[in-house]
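A quick write-up on the structure given underneath.
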Amino acid sequence: MQIVSIKRLRRRELRSKLVRSGVLFFTLLTLLPLVYILLYIVKQGIGAINWSFFVQLPKPVGESGGGIANALAGSFIIVGVATLLAVPIGIASALYLSEHSNGQLAGAIRFCVEVLVGIPSIVVGIVAYDWLVKPMGYFSALSGSVALAIMMLPIMIRSAEETLKRFPTSLREASLALGVPYYKTIIKVLLPCSLSGVLSGIILSVARIVGETAPLLFTAFGNPYLTTNILRPMQSLPLLIYNYAISPYDSWHQLAWGAALVLLIWILLLNILTRIIIRRWSVRY
Amino acid sequence: MERPILEVKDFHAWFGTHEVVRNVNLSLHRNRVIAVMGPSGCGKTTFLRCINRMHELTPGARTEGQILLEGEDIYRMSPIMLRLRVGMVFQRPNPFPHMTIYENVLAGYLLNNIKLNRNDKEAIVESSLRKAALWEEVKDNLKKKGTFLSGGQQQRLCIARAIAMKPDILLLDEPTSALDPISTAGIEELLQELKKNYTLILVTHNMQQAARVSDDTAFFYMGELVEFAPTRQLFTAPQDQRTQNYITGRFS
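First to last, the sequence lines map onto chains A and B.
So in the numbering used here, spot 89 of the first sequence is number 1018, and the numbers just go up one at a time.
So in the numbering used here, spot 230 of the second sequence is number 259, and the numbers just go up one at a time.
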């Protein structure tokens, strides 16, 4: 006698197929907004992109053409300075957390890092305003970098800590047993072995803040001219997009779409770079 | 009689409140293989890790008593200087994954920023790998990562790394327990060669291995050093009932 009748078996197979296609459907649904955004921005922005778009300053209203050189340079500088500020603090914190995983202070720091993730970016902007813009008396790229660095920290710390914690005790002991002092073991064994994870954490945190607008509104502020002085107001891609998108001029809208496309490609490249680093440089224990 | 290379006097070791090594007294002589054997949890590995002061790296660990390396109290030395003189090979091969074979052999120098010129480097790499019986197998691949080697080769690389520092004593913590029988035989054969230049202290849970490779054997049981004697004597005419029970397989 058959335990399961053919009829019931059919029904089960059908149900299993249904569930499988349901799961697939909803997965594809999550991709829809992403694909839509990508296609739409490419469609709107590609027309704006040409050589002068990258090397020229925006033209005054009424003149056509012009570019976003000031925003492009500004974004590079602001994000670059933010990275320089955040990396030492972030890596040092991650090291502390991974070396003292169970300590009380580590627990407190970890909790603060969690909270930092949830703080709205505009609030971070206000903090930087209060710390730097108010005492200095004017908006500056540096204050924008500080705001962005604060936003980078939690992402960087968490991913670096995860990588550092995976470092096996056996290798730490191998180094110590050779008479290598603790701090040299950290610098010359632990960090190089964890390099790919730490680097990709840094790059991901950069990718996360490249497009942030709110923290820059009253810090870097924006600037219609090209400047490299980080103590002065500076333009950046997201600020340019924000300002031009709410303007009433078509030529500015066009520049904003182009800038959005550039920003998108930048972030995409950072993500690809992360994958390459993980694939090429990761050390297997 | 010449002065022992290592003397252990009234030595105790704890993890927190748990006493793992109890009142060990021992004198070890040069150019011999000394096996430290005993059942799991008998304190043999902890004892070994006290000799290069790796034990104290565990939080809550402490020791009492003396260990003298050529008459000098190791607990008055800097642990770094001590570890340059007492090398260690671990249970599982642990070559540095971010270094080539060449760099792995020199790791003790590279990581300690000890400057060597190119000729010295090459001489050290070749002689260490030769002593570790690995030279012929890797001489054309010195620039490859150490982790590409087989388990037995990796373990010999770790031995080369330890002896490159020209230590007085080489500690081996069950160095074959993660290896297949052929690699194990290779390492055991190597130990006989190495004792010409070094004093080897080998922790093993494998009695047959202790009998095969060692000149002297220390039998640990429940943290105590039950018996220490030349290997042949310990295996043929044990003085202590517990040793007798262990080597006849009445407990493990």
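Just so it is clear, CB atoms sit at the ideal spot from N, CA and C, and this is done for glycine as well.
Since the structure is predicted, the reported quantities are computational estimates derived from the model, not experimental observations.
Going by the DSSP bridge assignment, what does K174/B pair with across the sheet?
Residue numbering aside, residue 174/B sits at position 145 when the second sequence is read from its first letter. DSSP lists T129/B as the beta-bridge partner residues of K174/B.
Unbroken beta strand (DSSP E) run spanning A42/B, endpoints
Taking the second sequence and counting its residues from 1, one reaches residue 42/B at position 13. In the DSSP assignment, A42/B falls within the unbroken beta strand (DSSP E) covering 35-44.
So is L220/B in contact with chain A if we call contact Cβ pairs under 7 Å?
Indexing the second sequence from 1 puts residue 220/B at position 191. For L220/B, the answer is no, since every Cβ of chain A falls outside 7 Å of its Cβ.
Three or more C-beta pairs closer than 8 Å, one from the segment 1050-1059 of chain A and one from the segment 1118-1128 of chain A: is that the case here?
Flag = no, the segment 1050-1059 of chain A and the segment 1118-1128 of chain A do not touch.
Smallest Cα separation from A266/B: which of G252/B, E253/B, Y250/B, T246/B?
Locating residue 266/B in the second sequence gives position 237, counting from the first residue. The candidate whose alpha carbon is nearest that of A266/B is T246/B.
Whole-angstrom Cβ separation of V255/B and D269/B, contact assumed at under 8 Å?
Indexing the second sequence from 1 puts residue 255/B at position 226. Indexing the second sequence from 1 puts residue 269/B at position 240. Confirmed, about 5 Å.
Can you list, in chain order, the residues of the segment 36-67 of chain B whose Cβ is nearer than 7 Å to any Cβ on chain A?
Within the segment 36-67 of chain B, no residue qualifies.
Inter-stretch contact (C-beta, 8 Å, three-pair minimum) for the segment 180-197 of chain B and the segment 105-125 of chain B:
A contact is defined here as three or more CB-CB pairs under 8 Å, and the segment 180-197 of chain B meets this definition with respect to the segment 105-125 of chain B.
Could you check what DSSP says for H234/B in three-state terms: helix, strand or coil?
For the purposes of this step, residue 234/B is taken as residue 205 along the second sequence, with counting starting at 1. Judged by DSSP in its simplified three-state form, H234/B adopts coil rather than helix or strand.
What residue ranges within the segment 155-199 of chain B form continuous alpha helix (DSSP H) runs of no fewer than 4 residues, ordered along the chain?
Counting only runs of 4 or more, we get 164-167, 180-192.
I want to see whether chain B comes within less than 7 Å of G1032/A, judged by CB atoms only; does it?
Stepping through the first sequence from its first residue, residue 1032/A is reached at position 103. With 7 Å as the cut-off, G1032/A does not count as an interface residue toward chain B.
Can you tell me whether DSSP reads L135/B as helix, strand or coil?
Counting from 1 along the second sequence, the entry for residue 135/B is found at position 106. L135/B: coil per DSSP, three-state reduction.
Distance check for G951/A and E1141/A, CA to CA, integer angstroms please.
In the first sequence, residue 1141/A corresponds to position 212, counting from 1. In the first sequence, residue 951/A corresponds to position 22, counting from 1. The straight-line gap separating the alpha-carbon atoms of E1141/A and G951/A is approximately 35 Å.
Taking 8 Å as the limit between beta carbons, can you name the residues of its chain near T129/B, skipping five residues before and five after?
Taking the first residue of the second sequence as position 1, residue 129/B is located at position 100. The answer, listed in chain order, is L171, K172, K173, K174, G175.
Quick one: grab the DSSP three-state call for Q1183/A.
Within the first sequence, the letter at position 254 stands for residue 1183/A. For Q1183/A, the three-state secondary structure derived from DSSP is helix.
S1129/A, buried or exposed, once every other Cβ within 10 Å from all chains shown has been counted against 16
The sequence position of residue 1129/A within the first sequence is 200, counting from 1. S1129/A comes out buried.
Tell me the DSSP secondary structure of V1053/A in three-state form.
The sequence position of residue 1053/A within the first sequence is 124, counting from 1. Reduced to three states, the DSSP call for V1053/A is helix.
Supposed contact pair T1156/A and G1126/A - C-beta distance, whole angstroms, cut 8 Å
Here residue 1126/A is taken as the residue at index 197 of the first sequence, counted from 1. Here residue 1156/A is taken as the residue at index 227 of the first sequence, counted from 1. No, G1126/A and T1156/A are not in contact; Cβ-Cβ is about 36 Å, not under 8 Å.
Residues of the segment 1110-1137 of chain A with Cβ closer than 7 Å to any Cβ of chain B, in chain order:
Correct list: P1110, K1113, K1117, V1118, P1121, C1122.
Evaluate W1186/A with the Cβ neighbour count: other Cβ atoms within 10 Å of its Cβ, from every protein chain shown; 16 or more gives buried, anything less gives exposed.
For the purposes of this step, residue 1186/A is identified with residue 257 of the first sequence, where counting begins at 1. Answer is buried; the Cβ neighbour count reaches 16.
Could you list which residues in chain B have their beta carbon closer than 7 Å to that of Y1214/A, in chain order?
Taking the first sequence and counting its residues from 1, the one referred to as residue 1214/A is at position 285. Within 7 Å Cβ-Cβ: P126.
Do L57/B and L35/B come within 7 Å of each other at the CB atom, strictly closer than that value?
As a working note, residue 35/B is residue 6 in the second sequence. As a working note, residue 57/B is residue 28 in the second sequence. Taking 7 Å as the Cβ cut-off, L35/B and L57/B qualify as a contacting pair.
Going by C-alpha to C-alpha distance, which of V1044/A, T1148/A, S1022/A, T1012/A sits closest to A1089/A?
For this step, residue 1089/A is matched to residue 160 along the first sequence. Considering only alpha carbons, the answer is S1022/A.
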